[in-house]
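Quick note: the sequence shown uses our numbering, first residue 2, plus one each step.
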Amino acid sequence: MPNFSHLTFDLEPSLPDPAIPFRDWSLESQCRLGAGYYNALHNQNAVSLIRTFGHDAAYAAHQASARHHQQSLFLPGLEKLGLDGEPSDAVRCAKYHCFSNALGGVVTRYAIESPKKA
Numbered sequence: 002m003p004n005f006s007h008l009t010f011d012l013e014p015s016l017p018d019p020a021i022p023f024r025d026w027s028l029e030s031q032c033r034l035g036a037g038y039y040n041a042l043h044n045q046n047a048v049s050l051i052r053t054f055g056h057d058a059a060y061a062a063h064q065a066s067a068r069h070h071q072q073s074l075f076l077p078g079l080e081k082l083g084l085d086g087e088p089s090d091a092v093r094c095a096k097y098h099c100f101s102n103a104l105g106g107v108v109t110r111y112a113i114e115s116p117k118k119a
């Protein structure tokens with residue numbers, strides 16, 4: 002069995018300076034905390050599923066979760082952004098992620114290499 006003792010994993014969200022009251026936290030600090038909690042819970046849930054039910058069941062649960070996200074958020078988002086008419090999944094996805102990040106204030110870019118690769 003491989004030895005992973007040299008690796009470190011930060012499974013706890015990072016907190017801003019404890020001297021700063023929550024009401025004074027920056028939006029970035031609040032988002033980092035939320036993302037940290039989400040990642041910690043997601044990882045712990047995955048490990049629990051694998052340990053209790055096995056890899057196949059954990060994969061099926063992850064697939065069902067991703068499918069739900071796709072149907073409830075991604076596909077309506079494509080429509081809202083006017084990208085549902087794009088002929089290629091690769092281009093649709095690249096534009097969706099670029100535009101949805103831009104709506105959140107994150108500047109990203111995309112490049113279309115071919116109809117199957119963006």
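Backbone N, C-alpha and C fix where the C-beta goes; we use that ideal spot for every residue, glycine too.
For clarity, every value in this text was computed on a predicted model and none was experimentally measured.
Residue i to residue j, Cα distance in whole Å?
i	j	result
GLY86	LYS96	12 Å
ILE21	ALA41	23 Å
ALA91	LEU79	13 Å
GLY105	CYS32	12 Å
GLU29	TYR111	24 Å
ARG93	LEU84	6 Å
LYS81	GLU114	25 Å
VAL48	HIS56	9 Å
PHE54	HIS43	16 Å
SER73	SER66	11 Å
PRO77	HIS69	12 Å
VAL107	LEU16	22 Å
PRO19	GLN45	25 Å
GLY35	GLN64	23 Å
PRO98	GLN71	The residue you asked about is not Pro; residue 98 is His in the sequence shown. Going by the C-alpha atoms only, they are around 13 Å apart.
ALA62	TRP26	35 Å
Is it buried or exposed for residue i, if we count other Cβ within 10 angstroms and need 16 for buried?
i	result
ALA119	buried
Which one or two residues does DSSP pair with residue i in a beta bridge?
i	result
SER115	LYS118
Whose CA, out of the options, lies closest to the CA of residue i?
i	options	result
ASN102	PRO88, PHE75, SER89 and LYS117	PHE75
PRO116	PRO88, THR109, CYS99 and HIS98	PRO88
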